[in-house]
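Protein chains in written order, with our numbering: chain V, 7 to 193; chain Z, 7 to 193.
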DNA sequence: GCAAACAAACCGACCATACGGTATGTTTAT
DNA sequence: ATAAACATACCGTATGGTCGGTTTGTTTGC
């Protein structure tokens, strides 16, 4: 333990910092015009150092995306574990997680990444694989058409929120959320 | 005026060709990596010729987007004119227009453009202005929460369709469409 | 216990090139 | 003749990626 404060190179920490700052840069400049130099600067590393951890720009982007996807995954699991009702449990967690992200607006790392998710074939694949896996796992409880509709609507609201310059009004978001949650419990 | 048959330079037609091929290129390569040269080549014009019609890349992209937005606008008007019921008329047309676009999948010019719509602040503004204008015009008939939900769900489905490599199954799309249309007539 | 040897982490300079845009020339229409 | 509609050639720059070297950490041989 005594080695913990004099260690000069901490690759794990640098790697994390690179992931975080890459996400942040993507939010600020848009992922399209994301530059390796900017990420390296933000993380106080040289471009060479960055390319040591991630052999290419694409590799960096994918790593950031996988990282975020993992976080979303954990958050949904957490929400599901707090839900006592079987029927529609996943859908409720999915909707809630998306509203959480939506509330954060453009500052959320998800904003830029999920956008780029559509332009990049590889990221699209990662996402649809994750989604397919989740839907299969919860087919017994969440395959009703009404649940499907609620999830799609959540996506649409999330999208609309990104489109608006300042995001949708907080009050309206709250109303929409309640409306969607009601869909998952009634009938 | 009478010499319409031997005309060798038809700027209007070239301009149209540029718009169409730009949309097509954006679909193939993604708008981020869209290049003036590629568009010019596709339209059998030199880059200089392209820049004569559109003074900058941004101007080209905006023109393409406005063009497509105009087409969507007309399509929605057409659909609305065929709808005898007042209540939810706009929402039905909106949903239908989106499913039309969705059915075309990745080949539709909308795929790439609407994606880029999110990365580009100017395009986002154009879209949200169009949307706001439409919603105001049909506030009397389409402001019910159920309609809002249907529109958001249509957006979500459209998005999900883009995410899947080969798009959603045609059968499922048809079911979803019927489901949404039902939402706009009952209650 | 301590170097030597090896590997990982990182830096700094450089390269190749693709791309947006300009400046200027040439052809076509009115 | 004049202007629009193009073509050709070129430039500046930004950016992804490479490469050789340097520092830091770990293992091995004695």
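Ideal Cβ placement from N, Cα and C applies to all residues, glycine included.
Beta-carbon separation (whole angstroms), residue i vs residue j, contact threshold 8 Å
{"i": "residue 138(V)", "j": "residue 100(V)", "result": "That pair is no contact at about 14 Å."}
{"i": "residue 169(V)", "j": "residue 169(Z)", "result": "Actually they are not in contact, since the Cβ atoms of residue 169(V) and residue 169(Z) sit about 17 Å apart, beyond 8 Å."}
{"i": "residue 119(Z)", "j": "residue 29(Z)", "result": "6 Å"}
{"i": "residue 152(Z)", "j": "residue 189(Z)", "result": "6 Å"}
{"i": "residue 131(Z)", "j": "residue 171(V)", "result": "7 Å"}
{"i": "residue 92(V)", "j": "residue 147(V)", "result": "5 Å"}
{"i": "residue 59(V)", "j": "residue 24(V)", "result": "6 Å"}
{"i": "residue 95(V)", "j": "residue 102(V)", "result": "Wrong, their Cβ atoms sit about 11 Å apart, outside the cutoff."}
{"i": "residue 141(Z)", "j": "residue 163(Z)", "result": "That belief does not hold up - the Cβ atoms of residue 141(Z) and residue 163(Z) are roughly 20 Å apart, past 8 Å."}
{"i": "residue 68(V)", "j": "residue 128(V)", "result": "6 Å"}
{"i": "residue 104(V)", "j": "residue 179(V)", "result": "Not confirmed; about 11 Å, so no contact."}
Helix, strand or coil at residue i according to DSSP, with G and I counted as helix
{"i": "residue 10(Z)", "result": "Model confidence at residue 10(Z) stands at a pLDDT of 41, short of 50, so the residue's coordinates are unreliable; what they give is reported in the following sentence. Coil, per DSSP."}
{"i": "residue 64(V)", "result": "helix"}
{"i": "residue 93(V)", "result": "coil"}
{"i": "residue 76(V)", "result": "helix"}
{"i": "residue 192(V)", "result": "coil"}
{"i": "residue 107(Z)", "result": "helix"}
{"i": "residue 3(V)", "result": "No information on residue 3(V) is available, as it lies outside the stretch 7 to 193 that chain V covers here."}
{"i": "residue 87(Z)", "result": "helix"}
{"i": "residue 114(V)", "result": "coil"}
{"i": "residue 186(V)", "result": "helix"}
{"i": "residue 70(Z)", "result": "helix"}
{"i": "residue 51(Z)", "result": "coil"}
For residue i, the first and last residue of its enclosing alpha helix (DSSP H)
{"i": "residue 60(V)", "result": "From DSSP, residue 60(V) is part of no alpha helix (DSSP H); its letter is neither H nor E."}
{"i": "residue 174(V)", "result": "It is not in any alpha helix (DSSP H) - residue 174(V) carries neither H nor E in the DSSP assignment."}
{"i": "residue 27(V)", "result": "17-35"}
{"i": "residue 135(V)", "result": "127-143"}
{"i": "residue 42(V)", "result": "42-48"}
{"i": "residue 38(Z)", "result": "That residue, residue 38(Z), is in no alpha helix (DSSP H); it is neither H nor E in DSSP."}
The ligand ADP heavy atom lying under 8 Å from the CB of residue i
{"i": "residue 169(Z)", "result": "In the structure shown, the ligand ADP is absent, as is every other ligand, since no ligand is present at all."}
Amino acids of chain V, ordered along the chain, whose beta-carbon sits closer than 8 Å to that of residue i
{"i": "residue 134(Z)", "result": "169, 170 and 171"}
Proximal residues of chain Z, C-beta to C-beta of residue i below 7 Å
{"i": "residue 163(V)", "result": "158"}
{"i": "residue 30(V)", "result": "Under the 7 Å cutoff, chain Z gives no residues; its nearest Cβ is about 16 Å from residue 30(V)."}
Chain V contact residues for residue i, given Cβ-Cβ distances below 9 Å
{"i": "residue 151(Z)", "result": "181, 182 and 185"}
{"i": "residue 166(Z)", "result": "134, 137, 157, 158 and 161"}
Within chain Z, the residues that residue i reaches when beta carbons sit closer than 8 Å
{"i": "residue 131(V)", "result": "171"}
{"i": "residue 141(V)", "result": "The premise fails here: residue 141(V) is roughly 11 Å from chain Z at the closest Cβ pair, so nothing lies under 8 Å."}
*asked:* So if I threshold CB-CB distances at 7 Å, which residues from the stretch 114-125 of chain V count as touching chain Z?
replied: Taking 7 Å as the Cβ-Cβ cut-off against chain Z, the residues of the stretch 114-125 of chain V that qualify are 121, 124 and 125.
*Residues of the stretch 27-53 of chain V whose Cβ lies closer than 9 Å to any Cβ of chain Z, in chain order*: Taking 9 Å as the Cβ-Cβ cut-off against chain Z, the residues of the stretch 27-53 of chain V that qualify are 36, 37, 38 and 39.
*Please name the residues in the stretch 66-77 of chain V whose beta-carbon is closer than 7 Å to at least one beta-carbon of chain Z, in chain order.*
Residues are counted here when their Cβ sits less than 7 Å from a Cβ of chain Z; for the stretch 66-77 of chain V the count is zero.
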